[in-house]
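**Student:** Before I ask anything, here is the structure I am working with.
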Amino acid sequence: MQIFEAGLFVRRDLPYIGASPDAIGTCDCCGTFVVECKCPYSIKGERVLDAWNQTEFLQMDSGKVCLNKGHKYYTQLQGEIVLSNCSKGYFVVWTQVGDPLVEEVQRDEIFYQTVEQNLVFFYKGYVVKVLLGLVGIFYCPKCECLCLEPEKDGENSVCCDQCALWYHWECEDLTIDPEELHWLCFSCRQLN
Numbered sequence: 001m002q003i004f005e006a007g008l009f010v011r012r013d014l015p016y017i018g019a020s021p022d023a024i025g026t027c028d029c030c031g032t033f034v035v036e037c038k039c040p041y042s043i044k045g046e047r048v049l050d051a052w053n054q055t056e057f058l059q060m061d062s063g064k065v066c067l068n069k070g071h072k073y074y075t076q077l078q079g080e081i082v083l084s085n086c087s088k089g090y091f092v093v094w095t096q097v098g099d100p101l102v103e104e105v106q107r108d109e110i111f112y113q114t115v116e117q118n119l120v121f122f123y124k125g126y127v128v129k130v131l132l133g134l135v136g137i138f139y140c141p142k143c144e145c146l147c148l149e150p151e152k153d154g155e156n157s158v159c160c161d162q163c164a165l166w167y168h169w170e171c172e173d174l175t176i177d178p179e180e181l182h183w184l185c186f187s188c189r190q191l192n
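Residue numbering for the sequence shown follows the UniProt record's numbering, starting at 1 and increasing by one per position.
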């Protein structure tokens with residue numbers, strides 16, 4: 001068996017989709033595979049098998065600790081497997097204590113096709129518009145998260161009438177449509 005450092009794998013026909021596994025491995029019996037390693041700080045210094053439930057990405061399934069398929073790390077690993085043209089990957093969790101968790105994860109083409117469709121939709125629907133200057137990028141100053149398409153109805157974000165910063169309704173504890181009234185953010189209310 002040989003393990004090599006990996007670089008960035010980019011899809012030729014969709015060059016905005018890429019993945020960068022931690023390593024690529026080969027062996028005579030297993031072929032080529034990707035390796036993705038995680039060293040979670042939340043369980044640093046503890047055995048993985050004793051502290052797995054203190055993570056968001058591990059779960060118990062049929063008596064075995066394994067990667068939660070609903071977690072973003074599973075999506076990441078599937079992208080790495082597909083884009084590097086491998087049939088499987090190894091998900092490794094290491095905490096410096098005891099044996100690392102090593103899980104073999106098979107390529108899931110159906111799962112990845114859904115992910116890829118969402119990536120293409122996001123790229124064409126949002127990223128391209130931003131790159132072309134057709135849509136601005138607005139971050140909520142309170143939670144520092146992106147307000148996607150704030151000018152469209154139903155986004156549940158509001159623009160301060162004085163400073164022109166966008167906020168999520170939830171971040172400002174708003175329950176009614178602020179377009180119906182003159183609205184100022186907390187900072188601008190303090191100035192007035």
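The beta-carbon is built from N, C-alpha and C at its ideal position, and this holds for glycine as well.
Just so you know, these numbers come straight off a predicted model, no measurement behind them.
Roughly how many whole angstroms lie between the Cα atoms of Cys160 and Leu132?
**Tutor:** Position 160 of the sequence shown, counted from the start, is the residue given in the question as residue 160. Position 132 of the sequence shown, counted from the start, is the residue given in the question as residue 132. If you take the alpha carbons of Cys160 and Leu132, they lie about 25 Å apart.
**Student:** Which residue marks the beginning of the beta strand (DSSP E) containing Phe91, and which one marks its end?
**Tutor:** For the purposes of this step, residue 91 is taken as residue 91 along the sequence shown, with counting starting at 1. Element bounds for Phe91: Lys88 to Val93.
**Student:** Could you name each continuous beta strand (DSSP E) segment of 3 residues or more that falls completely within the segment 50-127, going from the start of the chain to the end?
**Tutor:** 58-61, 64-67, 88-93 and 101-106
**Student:** So, helix, strand or coil for Val48, using DSSP?
**Tutor:** Taking the first residue of the sequence shown as 1, we reach residue 48 at position 48. Here Val48 sits in helix by DSSP.
**Student:** Output yes or no for whether 8 Å exceeds the beta carbon distance between Val120 and Leu14.
**Tutor:** Within the sequence shown, numbered from 1, the residue matching residue 120 stands at position 120. Within the sequence shown, numbered from 1, the residue matching residue 14 stands at position 14. Cβ atoms of Val120 and Leu14: closer than 8 Å.
**Student:** Closer than 6 Å by C-beta to Cys66: which residues in its own chain qualify, once you throw out the five before and the five after it? Chain order, please.
**Tutor:** On the sequence shown, position 66 is the one that residue 66 refers to. Taken in chain order, the residues that qualify are Glu103.
**Student:** Using 8 Å as the Cβ pair cut-off and three pairs as the minimum, do the segment 74-91 and the segment 31-38 touch?
**Tutor:** yes
**Student:** Give the straight-line distance between the Cα atoms of Phe57 and Tyr73, rounded to the nearest whole angstrom.
**Tutor:** Your numbering for residue 57 matches position 57 in the sequence shown. Your numbering for residue 73 matches position 73 in the sequence shown. About 7 Å.
**Student:** How would you write the range of the alpha helix (DSSP H) that Ser187 sits in, first residue to last?
**Tutor:** Residue numbering aside, residue 187 sits at position 187 when the sequence shown is read from its first letter. Phe186 to Leu191 is the extent of the alpha helix (DSSP H) around Ser187.
**Student:** Going by Cα to Cα distance, which pick from Asn192, Tyr123 and Thr95 is closest to Gly18?
**Tutor:** As a working mapping, residue 18 is identified with position 18 in the sequence shown. The option with the nearest alpha carbon to Gly18 is Tyr123.
**Student:** Run the CB neighbour count on Ser42, radius 10 Å, all protein chains shown included, and call it buried at 16 or more, exposed below.
**Tutor:** Looking up residue 42 in the sequence shown gives position 42. Its Cβ having fewer than 16 others within 10 Å, Ser42 is exposed.
**Student:** Within the same chain, show all residues whose beta-carbon is closer than 8 Å to that of Gly25, passing over the 5 residues directly before and after it, in chain order.
**Tutor:** Here the question's residue 25 lines up with position 25 in the sequence shown. Counting only Cβ-Cβ distances below 8 Å, and skipping sequence neighbours, we find Met1, Gln2, Ile3, Phe4, Thr32, Phe33, Val34, Val35 and Tyr90.
**Student:** Distance check for Val10 and Tyr16, CA to CA, integer angstroms please.
**Tutor:** Taking the first residue of the sequence shown as 1, we reach residue 16 at position 16. Taking the first residue of the sequence shown as 1, we reach residue 10 at position 10. C-alpha separation (whole angstroms): 7 Å.
**Student:** In whole angstroms, give me the CA-to-CA distance for Val82 and Arg107.
**Tutor:** Here residue 82 corresponds to residue number 82 of the sequence shown, with the count starting at 1. Here residue 107 corresponds to residue number 107 of the sequence shown, with the count starting at 1. Rounded to whole angstroms, Val82 to Arg107 spans 7 Å at the Cα level.
**Student:** Measuring only the C-alpha atoms, how far is Asn156 from Leu184?
**Tutor:** Counting from 1 along the sequence shown, the entry for residue 156 is found at position 156. Counting from 1 along the sequence shown, the entry for residue 184 is found at position 184. Those two C-alpha atoms are separated by around 16 Å.
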